[in-house]
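Anchor point for the sequence shown: position 14 equals 13 in numbering that gives the first Met the number 0, and the numbering is continuous, going up by one each time.
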Amino acid sequence: MTKFLLFFDNSVFFWSLLACLIAQFLKIIFNFFSTREIKFGIIFETGGMPSSHSALITGVTSGIGFELGFDSPIFALAIAVSLIVMYDASGVRKSAGIQASEINKLSKKFDPKSELDLKETLGHTKFEVIVGSLLGPLITLPGMFFIGSPFHIYNLIAN
Numbered sequence: 000m001t002k003f004l005l006f007f008d009n010s011v012f013f014w015s016l017l018a019c020l021i022a023q024f025l026k027i028i029f030n031f032f033s034t035r036e037i038k039f040g041i042i043f044e045t046g047g048m049p050s051s052h053s054a055l056i057t058g059v060t061s062g063i064g065f066e067l068g069f070d071s072p073i074f075a076l077a078i079a080v081s082l083i084v085m086y087d088a089s090g091v092r093k094s095a096g097i098q099a100s101e102i103n104k105l106s107k108k109f110d111p112k113s114e115l116d117l118k119e120t121l122g123h124t125k126f127e128v129i130v131g132s133l134l135g136p137l138i139t140l141p142g143m144f145f146i147g148s149p150f151h152i153y154n155l156i157a158n
């Protein structure tokens with residue numbers, strides 16, 4: 000197997016990315032229960048329940064811990080990066096969304112014909128981050144433990 004193909008056989012990457020995609024899909028369901036509307040486009044948006052950024056980064060972190068050991072320095076680095084990503088999602092990006100909301104209001108107040116419409120759902124609430132951060136390991140760890148790598152899945156299907 001070539002080194003390029005080995006990248007695609009990375010179980011940490013595969014299961015973490017799947018956790019992220021599942022989180023994005025769950026946004027449709029959570030949005031439906033809160034608004035009674037089905038919006039498929041929400042999959043491509045930031046913000047909302049659950050945090051897919053948190054699901055991805057905690058999936059990677061837990062996968063690294065599972066594969067390299069929870070006492071590994073790389074696992075410690077992954078935890079640090081995870082905390083930064085989750086803090087950013089619930090802090091900095093959330094604040095930017097609040098600012099965008101206020102700018103949109105001011106723009107309409109001063110010029111009712113203004114077409115300025117900044118995206119307001121940039122970040123997450125702390126609860127959305129927590130749910131996403133739990134989803135990552137809940138998808139990644141069982142996937143790695145019980146099924147393994149993407150090529151293993153392919154071989155099970157092909158044979």
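Here a beta-carbon is modelled for each residue, glycine too, at the ideal position from N, C-alpha and C.
Span separating the alpha-carbon of residue i from that of residue j
i      : j      : result
Leu115 : Glu101 : 12 Å
Ile63  : Asn158 : 29 Å
Leu133 : Met48  : 12 Å
Ser50  : Ser94  : 16 Å
Ala99  : Gly147 : 43 Å
Met143 : Val91  : 32 Å
Tyr153 : Thr139 : 18 Å
Asp70  : Leu117 : 44 Å
Ile156 : Gly135 : 25 Å
Leu105 : Ala22  : 33 Å
Glu36  : Glu44  : 16 Å
Ser89  : Gly131 : 12 Å
Pro149 : Asp87  : 31 Å
Asn30  : Leu55  : 20 Å
Lys112 : Ile97  : 22 Å
The alpha helix (DSSP H) enclosing residue i, as first and last residue numbers
i      : result
Phe84  : Note that residue 84 corresponds to Val in the displayed sequence, not to Phe. Note, Val84: alpha helix (DSSP H), Pro72 to Tyr86.
Ile129 : Lys125 to Pro141
Ser10  : Ser10 to Thr34
Asn103 : Arg92 to Phe109
Glu44  : That residue, Glu44, is in no alpha helix (DSSP H); it is neither H nor E in DSSP.
Leu115 : No alpha helix (DSSP H) holds Leu115; DSSP gives it neither H nor E.
Gly62  : Ser51 to Leu67
Phe150 : Pro149 to Ala157
Residue i classed as buried or exposed, judged by whether at least 16 other C-beta atoms fall within 10 angstroms
i      : result
Thr57  : buried
Ala77  : buried
Gly159 : An answer regarding residue 159 cannot be provided, because it is not within the stretch 0 to 158 covered by the chain.
Phe145 : exposed
Gly68  : exposed
Leu82  : exposed
Phe126 : exposed
Ala79  : exposed
His123 : buried
Thr34  : exposed
Lys26  : buried
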